[in-house]
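Visitor: Same order as they appear, the protein sequences are chains A and B.
Residue 0 is where the first sequence starts when you use my numbering, and the numbers rise one by one after that.
Residue 0 is where the second sequence starts when you use my numbering, and the numbers rise one by one after that.
Number of protein chains: 2
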Amino acid sequence: MHPASDVQLLLFDVFGTVVDWRASVAREVEALGLGLDGAAFADAWRRRYLPSMQAVREGQRPWVNLDGLHRENLEAVLERFGVANRLDEAALEDLNLAWHRLEAWPDAAAGLQRLRARFVVSTLSNGNTALLVNLSKHAGLSWDAVLCAETFQAYKPDPKAYRSAVELFGLQPHQAMLCAAHAADLRAAAACGLRTAYVDRPLEWGPDRRGDIPASSDRFDMESRDLRDLAAQLGC
Amino acid sequence: MHPASDVQLLLFDVFGTVVDWRASVAREVEALGLGLDGAAFADAWRRRYLPSMQAVREGQRPWVNLDGLHRENLEAVLERFGVANRLDEAALEDLNLAWHRLEAWPDAAAGLQRLRARFVVSTLSNGNTALLVNLSKHAGLSWDAVLCAETFQAYKPDPKAYRSAVELFGLQPHQAMLCAAHAADLRAAAACGLRTAYVDRPLEWGPDRRGDIPASSDRFDMESRDLRDLAAQLGC
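#1: Is DSSP giving E57/B helix, strand or coil here?
#2: Look at the alpha carbon of L130/B and the alpha carbon of L31/A, and state the distance between them as a whole number of angstroms.
#3: Roughly how far, in whole angstroms, is the beta-carbon of R60/B from the beta-carbon of A54/B, given that I think they are within contact range, below 8 Å?
#4: What is the rounded straight-line gap between the Cα of I212/B and the Cα of L77/A?
#5: Please report how far the alpha carbon of Q174/A lies from the alpha carbon of E71/B, in whole angstroms.
#6: Kindly provide the ranges of any beta strand (DSSP E) runs that are 3 or more residues long and lie completely inside the segment 167–223 of chain A, ordered along the chain.
#7: Which residues, in chain order, does the segment 113–145 of chain A contribute to contact with chain B at a C-beta distance below 9 Å?
#8: So which residues on chain B does F11/A lean against when the C-beta distance must stay under 8 Å?
#9: Which partner residues of F40/B appear in the DSSP bridge assignment?
#10: What residues match up with A103/A in a beta bridge as DSSP calls it?
#11: Would you give the residue range spanned by the alpha helix (DSSP H) that F151/A belongs to?
#12: Give me the DSSP bridge partner(s) of V120/A.
#13: Output, in chain order, the set of chain A residues within a Cβ distance shorter than 8 Å of F168/B.
#14: For a contact meaning CB atoms closer than 7 Å, what does T150/A contact in chain B?
#15: Which residue wins for smallest C-alpha separation from A262/A, given the options P50/A, N95/A and R21/A?
#16: Does the beta-carbon of A3/B have 16 or more other beta-carbons within 10 angstroms, so that it is buried, or is it exposed?
#17: Can you grab the Cα-Cα spacing for the pair N127/B / V145/B, in whole Å?
#18: Is there contact between the segment 8–26 of chain A and the segment 132–142 of chain A, where contact requires at least three CB pairs shorter than 8 Å?
#19: Are Q171/B and S141/B touching if we call contact CB-CB under 8 Å?
#20: What separation, rounded to the nearest whole angstrom, lies between the Cα atoms of D157/B and D12/B?
#21: In the DSSP output, what is A144/B paired with across the bridge?
#22: Any contact between the segment 105–121 of chain A and the segment 82–92 of chain A? By contact I mean 3 or more CB pairs, one from each, below 8 Å.
#23: In its own chain, which residues sit with a C-beta less than 6 Å from the C-beta of V165/B, not counting the 5 before and 5 after it?
#24: Can you confirm whether the segment 87–99 of chain B touches the segment 98–107 of chain A when touching is taken to mean that 3 or more C-beta pairs between the two stretches lie within less than 8 Å?
#25: Just tell me which of Y154/A, R208/A, E29/A and A196/A has its CA closest to the CA of E222/A.
#26: Closest to S121/A by C-alpha separation, out of A189/A, L167/A and R79/A, would be which residue?
#27: Could you tell me the alpha carbon to alpha carbon distance between Q232/A and D207/A, rounded to whole angstroms?
#28: Roughly how many angstroms separate the alpha carbons of L10/B and L91/B, rounded to a whole number?
#29: According to DSSP, is V165/A helix, strand or coil?
#30: Locate the alpha helix (DSSP H) running through V82/B, then write down its first and last residues.
#31: Could you say which of R218/A, H69/A, R45/A and R26/A lies nearest to A183/A if we only look at CA atoms?
#32: Beta carbon of G139/A, beta carbon of L229/A: below 8 Å?
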């Protein structure tokens, strides 16, 4: 029996799995003309992502959506790169929205389209609704639903995020599959009873550093090279 | 200046405005082979919709999504039509999901597609997420986002539903427009500061009864014959 034979709902991680945040953000940073190393800036901005969400997840502060966390983190990184006073408020806000204009990996739009013919395909991202909707329009991605941390006020890997998404569709956990390029996300979904599909994205952190590498003990229901490969394996 | 010149977000009512609930439900009821008048049954089922939501809206009972309300109302209508014991649990549940399989009005899919080229186009329906996603897949409708009463735990015309949808996109109310075939829905949106587009659906309640007719005092920002006409008026 196919490991995904009961699955009706595919939930997709977005940053890194569907879109290439690093190259997109780096390009916008370099276009500012401040002489910044765009990739290094993007990496530094992104490295603040996990700890900033963790503070919300652990209840150290009330809910803040990802646009809000990105903005705080942006100001900290500009400071660290020594250009804190070089951008006015409008430029800061526009740079913060670089995350609304990320480009998709080349296989993503076609892969998702094929998967939608057979499955309900939704985001399950830590991005907020407006970010995901704008990004999807920009990158030509289409979804059956746009669910995210903001929908449930719970950042992954909080079990509430995975469970709430499955419940919203009236499904059992084993009828949903999380598709992600990150082992930690997949492990958390598996712990909630969801199926898991690993998507290999070796270039997420650039050509010099390997993307997320699963541990030898990780067992996912499926492993795929990209979304076209995932669609083919699922018979779409 | 065009009345919608600031508008970035179109929020659509769904039942009646985008899909023909009456003909679709009637067809499924008649297919049961119980000798029921499908259209009369659909009307009776639908007439319980407003009062059942009102009990939730007024806090007389905790949150129940529309699938849940539809199921309660279905059992009451089957009783009234004298066929309460003719369907087993599986048949009851399947009939309840007739609302997940509604057909769209003939102009809807093409009209929405055109509107999405220029606007963020989302549902803002009292239907629940699973219902709207299944219905959209069934009817070939595509959205940028699927927002609904369930997202905000607030049934329209509760102001919370309109305001929460606008806030989720980080917009001001006048940057969003509700598109609906029902004057009461549009009036409630206008009271929250949203723009309004009336969509004429004279056949919503069948050929013998006129659909929702605005009062002579109603002033909407736009009036349209269908979604293709709305798209044309908006330059899409």
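Cβ atoms here follow ideal geometry from the backbone N, Cα and C, with glycine treated the same way.
Small disclaimer: the values here were computed from a predicted structure and weren't measured.
Guide: So, from the data block:
#1: Here residue 57/B refers to the residue found at position 58 of the second sequence. Look at E57/B here: in three-state DSSP terms it is coil, with no helix or strand label.
#2: Translated into the one-based positions of the second sequence, residue 130/B becomes position 131. Translated into the one-based positions of the first sequence, residue 31/A becomes position 32. Whole-angstrom Cα-Cα distance: 45 Å.
#3: Within the second sequence, the letter at position 61 stands for residue 60/B. Within the second sequence, the letter at position 55 stands for residue 54/B. About 5 Å separates the CB atoms of R60/B and A54/B; that is less than 8 Å, so the two are in contact.
#4: Taking the second sequence and counting its residues from 1, the one referred to as residue 212/B is at position 213. Taking the first sequence and counting its residues from 1, the one referred to as residue 77/A is at position 78. C-alpha separation (whole angstroms): 56 Å.
#5: Translated into the one-based positions of the first sequence, residue 174/A becomes position 175. Translated into the one-based positions of the second sequence, residue 71/B becomes position 72. Cα to Cα, the separation comes out at about 26 Å.
#6: Correct list: 175–179, 194–198 and 221–223.
#7: Of all residues in the segment 113–145 of chain A, R115, V119, S121, N127, T128, A129, L131, V132, N133, S135, K136, S141, W142, D143, A144 and V145 have a Cβ within less than 9 Å of some Cβ in chain B.
#8: Here residue 11/A refers to the residue found at position 12 when the first sequence is read from its first residue. Result: empty, since nearest Cβ-Cβ is about 14 Å, beyond 8 Å.
#9: Sequence index remark: in the second sequence, residue 40/B carries index 41 (1-based). According to DSSP, F40/B bridges with nothing at all.
#10: By one-based count along the first sequence, residue 103/A stands at place 104. Answer is V18/A, bridged to A103/A.
#11: Start at 1 with the first residue of the first sequence, and residue 151/A comes out as number 152. Unbroken alpha helix (DSSP H) run through F151/A: A148 to F151.
#12: Here the question's residue 120/A lines up with position 121 in the first sequence. Paired residues: L9/A.
#13: One-based indexing of the second sequence puts residue 168/B at position 169. T128, A129 and V132, listed in chain order.
#14: Numbered from its first residue, the first sequence carries residue 150/A at position 151. Those are T150, listed as they occur along chain B.
#15: Since the displayed chain A opens at 0 and closes at 235, residue 262/A lies outside it and no answer follows.
#16: The count along the second sequence starts at 1 and reaches residue 3/B at position 4. So A3/B ends up on the buried side.
#17: As a position in the second sequence, residue 127/B is number 128, starting the count at 1. As a position in the second sequence, residue 145/B is number 146, starting the count at 1. Whole-angstrom Cα-Cα distance: 9 Å.
#18: Contact check between the segment 8–26 of chain A and the segment 132–142 of chain A: three or more CB pairs, one atom from each, fall below 8 Å, which counts as touching.
#19: Working through the second sequence from its first residue, we reach residue 171/B at position 172. Working through the second sequence from its first residue, we reach residue 141/B at position 142. Contact: no.
#20: In the second sequence, the residue the question calls residue 157/B occupies position 158. In the second sequence, the residue the question calls residue 12/B occupies position 13. So the alpha carbons of these two residues sit roughly 14 Å apart.
#21: As a working note, residue 144/B is residue 145 in the second sequence. A144/B is bridged by DSSP to S121/B.
#22: At 8 Å Cβ cutoff, the stretches do not touch.
#23: Numbered from its first residue, the second sequence carries residue 165/B at position 166. Cβ within range, chain order: P172 and A175.
#24: Under the Cβ criterion (8 Å, minimum of three pairs), the segment 98–107 of chain A does not count as touching the segment 87–99 of chain B.
#25: The residue you call residue 222/A lines up with position 223 of the first sequence. Of the listed residues, the one whose Cα sits closest to E222/A is A196/A.
#26: Start at 1 with the first residue of the first sequence, and residue 121/A comes out as number 122. Ranked by Cα distance from S121/A, the first of A189/A, L167/A and R79/A is L167/A.
#27: Numbered from 1 along the first sequence, position 233 holds the residue referred to as residue 232/A. Numbered from 1 along the first sequence, position 208 holds the residue referred to as residue 207/A. Each residue's Cα considered, the two are about 29 Å apart.
#28: Mapped onto the second sequence, residue 10/B falls at position 11. Mapped onto the second sequence, residue 91/B falls at position 92. The alpha-carbon atoms of L10/B and L91/B are separated by roughly 32 Å.
#29: Residue 165/A sits at position 166 when you count from the first residue of the first sequence. Note: V165/A maps to helix in three-state DSSP.
#30: Along the second sequence, read from residue 1 onward, the residue named residue 82/B stands at position 83. Membership of V82/B in any alpha helix (DSSP H) is not indicated, and neither H nor E is assigned to it by DSSP.
#31: As a first step, residue 183/A is located in the first sequence; it is residue number 184 there, counting from the start. Distances from the alpha-carbon of A183/A to those of R218/A, H69/A, R45/A and R26/A put R218/A closest.
#32: The count along the first sequence starts at 1 and reaches residue 139/A at position 140. The count along the first sequence starts at 1 and reaches residue 229/A at position 230. Their beta carbons are not under 8 Å apart, which means G139/A does not touch L229/A by this criterion.
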